[in-house]
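Report on the following structure.
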Amino acid sequence: MKILAQISRIVVGLLFIFSGLIKLNDPIGTQYKLEEYFEVFAVDMPFLHDFFMALVPLALYLSVFLCTAEVVLGIALLVRYKPRTISWLLLIIIVFFTFLTFYSAYFNKVTDCGCFGAAIKLTPWTSFGKDLFLLALILVIVYYRKKFKPLPTGIIIVISTIASLGLAVYVLRHLPVLDLLPYRVGANIPAQLKPSEPLRYLYIFDKGGKKYEFEKYPSDTTMVFKEMVVLNEDAKPKITDYKVWNDAGDFTEETFKGKKLFLIIKSLNDINTAALPEINKLINQVKTQGVEPIILTSGNSEEIVRFLSGHQLNVPYYYVDATVLKTISRSNPGLWLLDNGTVKGKWHYNDTPTAEEVIELVK
Numbered sequence: 372m373k374i375l376a377q378i379s380r381i382v383v384g385l386l387f388i389f390s391g392l393i394k395l396n397d398p399i400g401t402q403y404k405l406e407e408y409f410e411v412f413a414v415d416m417p418f419l420h421d422f423f424m425a426l427v428p429l430a431l432y433l434s435v436f437l438c439t440a441e442v443v444l445g446i447a448l449l450v451r452y453k454p455r456t457i458s459w460l461l462l463i464i465i466v467f468f469t470f471l472t473f474y475s476a477y478f479n480k481v482t483d484c485g486c487f488g489a490a491i492k493l494t495p496w497t498s499f500g501k502d503l504f505l506l507a508l509i510l511v512i513v514y515y516r517k518k519f520k521p522l523p524t525g526i527i528i529v530i531s532t533i534a535s536l537g538l539a540v541y542v543l544r545h546l547p548v549l550d551l552l553p554y555r556v557g558a559n560i561p562a563q564l565k566p567s568e569p570l571r572y573l574y575i576f577d578k579g580g581k582k583y584e585f586e587k588y589p590s591d592t593t594m595v596f597k598e599m600v601v602l603n604e605d606a607k608p609k610i611t612d613y614k615v616w617n618d619a620g621d622f623t624e625e626t627f628k629g630k631k632l633f634l635i636i637k638s639l640n641d642i643n644t645a646a647l648p649e650i651n652k653l654i655n656q657v658k659t660q661g662v663e664p665i666i667l668t669s670g671n672s673e674e675i676v677r678f679l680s681g682h683q684l685n686v687p688y689y690y691v692d693a694t695v696l697k698t699i700s701r702s703n704p705g706l707w708l709l710d711n712g713t714v715k716g717k718w719h720y721n722d723t724p725t726a727e728e729v730i731e732l733v734k
């Protein structure tokens, strides 16, 4: 059993470090997941509505804290820093995560828990099973916690904490070091809107109390249709919700034609207006060199017109769903460069490029 305890220590430590680092690479993604959980709990538990809604503005701070805690606890477990304390802290955090994934799976809420950020997508029940597995290993660690000889590795914990927080601050002021989202540089958006291969389906019918499955739709009209399941899930479009429109109609296909520099305005409430003069200067410069500037926003028409006028942004604007904009850009405002539908550049407002840099990317 001592061997099992050592294996558990190593497996749990590595998984916590991996999970924490993936999420620290994109803490805003975890922030969105926490906000989603808080809003769901506020509705499902009306007696605690105000409490959960009060947590929404704190979601980013909680995201950084939880992601950093995962990394630091994982490292502490591996280097045997205060194993008794660390084992109990691991148990507390895994019970919390297990509750979240069970809630997601059982009630079909927040169907992507974001356990491994955008790197690995897990179904709700798979996420719950993963947490049960970790819970079992951590219970072994707690049981044998007195058997792990503590080592004087406090300096490693201090360094890992500073490094984790440093990574979080960096990506919040710029963009994720490793962009794993479907709108990343190099991705072709039109291609991701289509299946990678023809989709195959399993058709499930009922007849006389028996279940029948077919890969081709049957002609027997006496059967009762029950369900249709996609057999090659991996072939499904990577992007399903990208749509651009204005009051005149759909503009989605137009965004894939030619060279376009999009100014992403996710929200007018928390936009960094200090970055707009430099962005406006960039827009005016690239406009004369064959790159069409366009604003994508989810804001109200009257509000956006007033906002653009107030900041002297003479650029056409179109609407995109707020969730899509959050996926395209972790920055508000943000810049997104497309050349015939292929992403050539993405920038945080702190890293606004020069016109020469933009033109070089779309030559």
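Numbering-wise, the sequence shown is residues 372 to 734 according to my numbering. Ideal Cβ placement from N, Cα and C applies to all residues, glycine included. Treat the numbers as computed from the prediction; the structure is a model and nothing was measured.
- S531 has its alpha-carbon roughly 24 Å from the corresponding atom of K517.
- Excluding five sequence positions before and after V695, the CB atoms of its chain that fall closer than 7 Å to its own CB belong to D612, Y613, given in chain order.
- Between L461 and L448, the gap from beta carbon to beta carbon is short of 8 Å.
- Setting aside the 5 residues that flank it on each side, K373 is surrounded in the same chain by Y515, K518, each with a C-beta closer than 8 Å to its C-beta; the list follows chain order.
- Scanning the stretch 705-732 from its first residue to its last, the whole alpha helix (DSSP H) runs of 4-plus residues come out as 726-732.
- Between P561 and G391, the CB-CB gap reaches or exceeds 8 Å.
- Boundaries of the alpha helix (DSSP H) around K652: 647-658.
- Going by C-alpha positions, V513 is about 54 Å away from E728.
- Only buried fits W718, as 16 or more other CB atoms lie within 10 angstroms of its CB.
- Our two residues, V383 and T469, have alpha carbons roughly 14 Å apart in a direct line.
- Under the 8 Å Cβ criterion, the stretch 666-673 counts as touching the stretch 618-635, having at least three qualifying pairs.
- Cβ neighbours of K609 within its own chain (closer than 6 Å, five residues either side excluded): P553, Q563.
- The alpha carbon of L437 has as its nearest neighbour, out of Y572, F423, V529, L405, the alpha carbon of L405.
- For M424, the enclosing alpha helix (DSSP H) covers residues 420-426.
- A direct Cα-Cα distance of roughly 23 Å separates K630 from Q683.
- Rounded to the nearest whole angstrom, the C-alpha separation of E586 and Y574 is 6 Å.
- Between N721 and R544, the beta carbon gap of about 5 Å places them in contact (Cβ cut-off 8 Å).
- Nearest C-alpha to P566 among N685, L385, A606: A606.
- The stretch 591-599 makes no contact with the stretch 656-665; the number of CB pairs closer than 8 Å stays below 3.
- Taking 3 residues as the minimum length, the stretch 394-471 contains no beta strand (DSSP E) run wholly inside it.
- For G580, the three-state secondary structure derived from DSSP is coil.
- For P561, the enclosing alpha helix (DSSP H) covers residues 560-563.
- Under the rule that a run must span 4 or more residues, the alpha helix (DSSP H) segments found entirely inside the stretch 655-698 read 672-681.
- If only uninterrupted beta strand (DSSP E) runs of at least 3 residues are considered, those enclosed by the stretch 545-632 are 572-578, 581-585, 595-601.
- Take Y474, set aside five residues on each side of it, and the residues of its chain with a beta-carbon closer than 7 Å to its own are K480, in chain order.
- Burial state of G537 is exposed, judged by a 10 Å Cβ sphere holding fewer than 16 other Cβ atoms.
- Beta-bridge partners assigned by DSSP to I635: L667, G705.
- Look at V481 here: in three-state DSSP terms it is coil, with no helix or strand label.
- Rounded to the nearest whole angstrom, the CA to CA distance from L431 to T401 is 8 Å.
- CA-CA distance, E731 to F678, rounds to 30 Å.
- Residue L546 holds the alpha-carbon nearest to the alpha-carbon of I699 among P454, L546, S590.
- In this structure, the beta-carbon distance from S379 to L522 does not fall below 8 Å.
- The beta carbons of V733 and A558 sit no closer together than 8 Å.
- Pairing D397 with V542 gives a Cβ-Cβ distance under 8 Å.
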